[in-house]
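K.L.:
Residue numbers (our numbering): 1 to 551.
Sharing a structure below in C-alpha cells format, with a few things to ask.
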C-alpha cells in the first residue's frame with residue numbers, strides 16, 4: 001500500500017495506553033510544550049489550577065514558563081550541533097526564512113511571500129519581510145542571509161542541504177570565497193541559483209540549520225556565539241546560558257510575528273529523569289520529560305491527567321561502520337538477532353512500536369508491504385556461517401552514556417544477540433568521546449536515532465548517501481542508492497517519488513543493512529494545567545510564541 005503524507009491534530013492524553021501509542025502523529029497543535037525532546041499539552045480541572053497557582057512562576061505579574069531540559073554542554077548553535085535538545089531552545093530565539101507548519105505546508109517566516117521559481121526550475125527569487133530586526137536591533141538584510149547559509153556550509157554539520165546550489169562545492173572545498181549561486185540583488189531581495197533541480201530545496205531552507213544570523217555580530221562573537229551571544233529574530237531573546245545551570249530567555253518586545261504572551265522561559269538543566277519529575281511535583285517546574293521507564297508509574301497515578309504523549313517522525317536503529325562490519329551477510333544476521341518486540345514490550349514498557357523500515361509511515365516512500373523482521377537466532381547463525389563465521393561473531397557496540405535508555409537497549413540486545421552466537425562487548429563513553437569517535441570512524445556499531453527535519457523522505461534517506469552528516473559513522477556507499485537519491489530530489493511526480501524512495505529504503509534496510517532499524521518511539525511529558533497554547537510540528541520542533549500561562 002502506498003502511503004502519502006497525512007497530518008492530523010491531536011488533543012488526547014495517555015489514558016488509553018497502547019491504543020494511543022499506536023497512532024502515528026505527524027503534526028500536533030495542542031496546548032503543548034517540549035523539554036529535552038518532549039512536548040506539552042493542556043488539561044486539568046479548575047481545582048488543579050488553583051492548587052498549582054500557589055507555586056506558579058507568575059511571580060510579580062510575570063509569566064515565566066519553567067522547563068526542565070537536558071544540559072547540551074555545547075554552544076546553542078544548530079549549525080554546529082544537531083541535538084534536538086538545542087533545537088527546542090533555539091527555535092524560540094532564531095528563525096529560518098521559511099517554516100513547515102502543522103499541516104506539513106511551507107509558509108514564509110522572514111519573507112514577504114513564498115519565493116518564486118523560474119521556468120527552468122533553477123532560480124529561486126526571495127523578498128525579505130519589511131521591518132524585521134535582530135535582537136541587537138540590527139535590520140535583517142540579504143547579506144545576513146548569504147552569510148548565514150555560507151556559515152552553515154563551512155561549519156559542515158548539515159551543509160548537504162545546500163549541495164545543489166551553484167558554487168557550493170568550490171566554497172565547501174575552500175576553493176572560493178563565496179557561494180556564487182547566492183546572489184544579493186539589494187538589501188531586501190536575493191536569488192538562489194541551483195546547479196540542478198532540487199525539489200525539496202525550500203523545505204530544506206525551513207530547517208533550524210538554516211537559521212538566519214546577523215552577519216556582523218555573529219562574526220564578531222566568534223567562539224562565543226551560542227554561548228554568551230546569540231541574536232536571532234525570534235519571539236524570545238537569550239539572557240543567559242550556563243552549562244550545569246540552565247538557559248534564560250526573555251520576551252522580544254519587537255517581535256515581527258505578533259504579540260508574545262509569555263514574559264520569558266527558564267530552562268533548568270536536569271539530566272536525571274527522576275529528579276526532573278520530583279521538581280515537577282514540588283511545583284518548581286511547569287514542563288518535564290518523562291522517561292519511558294517511569295511511564296508505568298505515572299500512567300494511572302495521581303499525575304495521569306497531566307501526562308501526555310506524542311510520536312515523532314523518526315526512529316532508533318543500530319548503525320554499522322561498513323568498513324569494520326564489511327560482510328553484508330553479517331549485517332543481515334544482525335537484523336534477525338534483535339528481538340524488537342521484546343525491546344518495545346519489556347525494556348521500553350510498551351511505549352514503542354517495532355519497525356524494520358527507515359522511512360516511517362506517513363512519508364512518501366513508506367511501504368507497509370516490506371518485510372518486518374522477526375527475531376530468529378537460528379537464521380542469524382546460518383547467515384553468519386554463510387559469511388564465514390560458523391563459530392559466531394565478535395562485535396563492539398559503543399553507547400553514549402548521556403542517554404540511559406540507549407544503555408538499557410544495548411544491554412538487552414547484547415543478551416538477544418548472544419542467542420545467535422554474536423558476542424557483544426558494550427563500550428560506554430561520554431558525549432564528547434562519542435562525537436570524536438564517530439567522526440574518526442571508530443564506532444563499529446552504535447545506537448542512533450533520526451527524525452525528519454522537513455516534510456520529505458529526502459530528509460530521512462539523503463543523510464545516508466555517501467555516509468553524510470550524523471549518520472556518517474556508517475561510511476555507507478552504494479551506487480544504486482546514490483542514483484535513487486539523485487532521482488528523488490529531481491522528480492516532482494508524487495507517485496514516481498513513492499517508487500524511488502521505497503526502493504531506496506529497501507536497499508538500506510533489506511539489502512545492504514548499514515543500519516538495522518529497531519523501533520519508533522512514543523515520548524511522554526508532564527505539563528501543569530495552567531500551561532496553554534503550545535505549537536509543535538511533525539518535524540519535532542516546538543514554538544513558544546503563542547504559549548501562555550492562565551489561571
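C-beta: ideal position from N, C-alpha, C; glycine also.
Owing to the predicted nature of the structure, the values given are computational and were not obtained by experimental measurement.
Residue 438 lies in the alpha helix (DSSP H); which residues open and close that run?
P.N.:
Its alpha helix (DSSP H) spans residues 431 to 439.
K.L.:
Quick one: using the 10 Å Cβ neighbour count with 16 as the cut-off for buried, is residue 369 buried or exposed?
P.N.:
Exposed, by the Cβ-count rule.
K.L.:
Among 188, 519, 223 and 221, which has the Cα closest to the Cα of residue 349?
P.N.:
Nearest option by C-alpha distance: 519.
K.L.:
Can the beta-carbon of residue 464 be found less than 8 Å from the beta-carbon of residue 424?
P.N.:
Their beta carbons are not under 8 Å apart, which means residue 464 does not touch residue 424 by this criterion.
K.L.:
So, is residue 549 buried or exposed, given that buried needs 16 or more other C-beta atoms within 10 angstroms?
P.N.:
It counts as buried.
K.L.:
Going by DSSP in three states, residue 274 sits in which element: helix, strand or coil?
P.N.:
DSSP places residue 274 in helix when its eight states are reduced to three.
K.L.:
Kindly indicate which three-state DSSP category residue 295 falls into: helix, strand or coil?
P.N.:
Residue 295 falls in the helix class under three-state DSSP.
K.L.:
If you reduce the DSSP assignment to three classes, tell me which class residue 519 lands in.
P.N.:
If DSSP states are grouped into helix, strand and coil, residue 519 belongs with the strands.
K.L.:
Using a Cβ-Cβ cut-off of 7 Å (strictly less than) and excluding sequence neighbours within five positions of residue 87, which residues of its own chain qualify?
P.N.:
Excluding sequence neighbours, residue 87 sits near 78, 208 and 541.
K.L.:
Under a Cβ-count criterion, where at least 16 other Cβ atoms within 10 Å of its own Cβ denotes burial, should residue 609 be classed as buried or exposed?
P.N.:
In this structure the chain extends from 1 to 551, so residue 609 is not present and cannot be described.
K.L.:
Below 7 Å CB to CB, which residues in the same chain sit around residue 50 once its five sequence neighbours on both sides are set aside?
P.N.:
Bear in mind that the predicted position of residue 50 carries a pLDDT of just 35, short of 50, making it too unreliable to give a figure here.
K.L.:
Skipping 5 residues on each side, what residues in its chain have a beta carbon closer than 7 Å to that of residue 441?
P.N.:
So the list reads 321, 323, 473 and 475, once near-sequence residues are dropped.
K.L.:
Assess, as a yes-or-no matter, whether the stretch 356 to 375 is touched by the stretch 492 to 504 under the definition of 3 or more beta carbon pairs within less than 8 Å.
P.N.:
Contact holds: three or more Cβ-Cβ distances are below 8 Å.
K.L.:
If we call anything under 8 Å between Cβ atoms a contact, is residue 106 one with residue 206?
P.N.:
Yes, they are a contact pair.
K.L.:
When the Cβ atoms of the stretch 484 to 501 are set against those of the stretch 271 to 290, are three or more pairs found closer than 8 Å?
P.N.:
At 8 Å Cβ cutoff, the stretches do not touch.
K.L.:
Any idea what DSSP makes of residue 280, helix, strand or coil?
P.N.:
Three-state result, residue 280: helix.
K.L.:
Run through DSSP, which three-state label would residue 189 get?
P.N.:
Three-state DSSP puts residue 189 in a strand.
K.L.:
Less than 6 Å between C-beta atoms, sequence neighbours within five positions excluded: which residues of the same chain meet that for residue 402?
P.N.:
Hits under 6 Å: 431.
K.L.:
Would you tell me roughly how many angstroms separate the C-alpha atoms of residue 310 and residue 194, rounded to the nearest one?
P.N.:
Looking at the two C-alpha atoms, the distance is approximately 37 Å.
K.L.:
With three or more beta-carbon pairs closer than 8 Å as the criterion, would you say the stretch 127 to 136 touches the stretch 148 to 158?
P.N.:
Not touching, per the Cβ criterion.
K.L.:
When the distance is taken between beta carbons, is residue 426 closer than 8 Å to residue 416?
P.N.:
No.
K.L.:
Are three or more beta carbon pairs between the stretch 229 to 237 and the stretch 120 to 128 nearer than 8 Å?
P.N.:
Result no; under three Cβ-Cβ pairs closer than 8 Å.
K.L.:
Indicate whether residue 110 and residue 212 have their beta-carbon atoms separated by less than 8 Å.
P.N.:
A contact, by the Cβ cut-off of 8 Å.
K.L.:
Quick one: using the 10 Å Cβ neighbour count with 16 as the cut-off for buried, is residue 516 buried or exposed?
P.N.:
Answer is buried; the Cβ neighbour count reaches 16.
K.L.:
Out of 376, 380 and 358, state which residue places its alpha-carbon closest to the alpha-carbon of residue 333.
P.N.:
Closest by alpha carbon: 380.
K.L.:
CA-CA distance, residue 146 and residue 250?
P.N.:
Residue 146 and residue 250: Cα-Cα distance of roughly 28 Å.
K.L.:
Excluding five sequence neighbours on each side, which residues of the same chain lie with their C-beta closer than 6 Å to the C-beta of residue 420?
P.N.:
Hits under 6 Å: 337, 377, 380 and 381.
K.L.:
Quick one: what's residue 165 bridged to in DSSP?
P.N.:
Answer is 194.
K.L.:
Which residues in the same chain as residue 344 place their Cβ atom closer than 7 Å to its Cβ, once the five residues preceding and following it in sequence are excluded?
P.N.:
Excluding positions up to five away in sequence, the list reads 350, 352, 353, 354 and 519.
K.L.:
Starting from the C-beta of residue 215, find all residues in its chain whose C-beta is less than 7 Å away, skip the five residues before and the five after it, and write them out in chain order.
P.N.:
Excluding residues within five positions, the ones whose Cβ falls inside 7 Å are 143, 144 and 147.
K.L.:
On the DSSP letters alone, give me the boundaries of the alpha helix (DSSP H) that residue 378 sits inside.
P.N.:
It spans 377 to 386 - the alpha helix (DSSP H) in which residue 378 sits, taken as one unbroken run.
K.L.:
Do the stretch 286 to 304 and the stretch 523 to 534 meet, that is, are 3 or more Cβ pairs less than 8 Å apart?
P.N.:
Cβ pair count under 8 Å is three or more, so yes.
K.L.:
Mark residue 260 as exposed unless 16 or more other C-beta atoms lie within 10 angstroms of its C-beta, in which case mark it buried.
P.N.:
By the neighbour-count rule (16 or more Cβ atoms within 10 Å), residue 260 is buried.
K.L.:
Ordered along the chain, which non-local residues of its own chain (more than five positions away) have a Cβ less than 8 Å from that of residue 219?
P.N.:
If we look at residue 219 and ignore the five residues flanking it on each side, its Cβ neighbours are 147.
K.L.:
Excluding the 5 residues preceding and the 5 following residue 66 in the sequence, name in chain order all residues of the same chain whose CB lies nearer than 6 Å to its CB.
P.N.:
Within the same chain, residue 66 has close Cβ partners 57, 266, 285 and 286.
K.L.:
Using CA coordinates, which residue listed in 192, 141 and 186 is at the minimum distance from residue 163?
P.N.:
When each option's Cα is compared against that of residue 163, the closest is 192.
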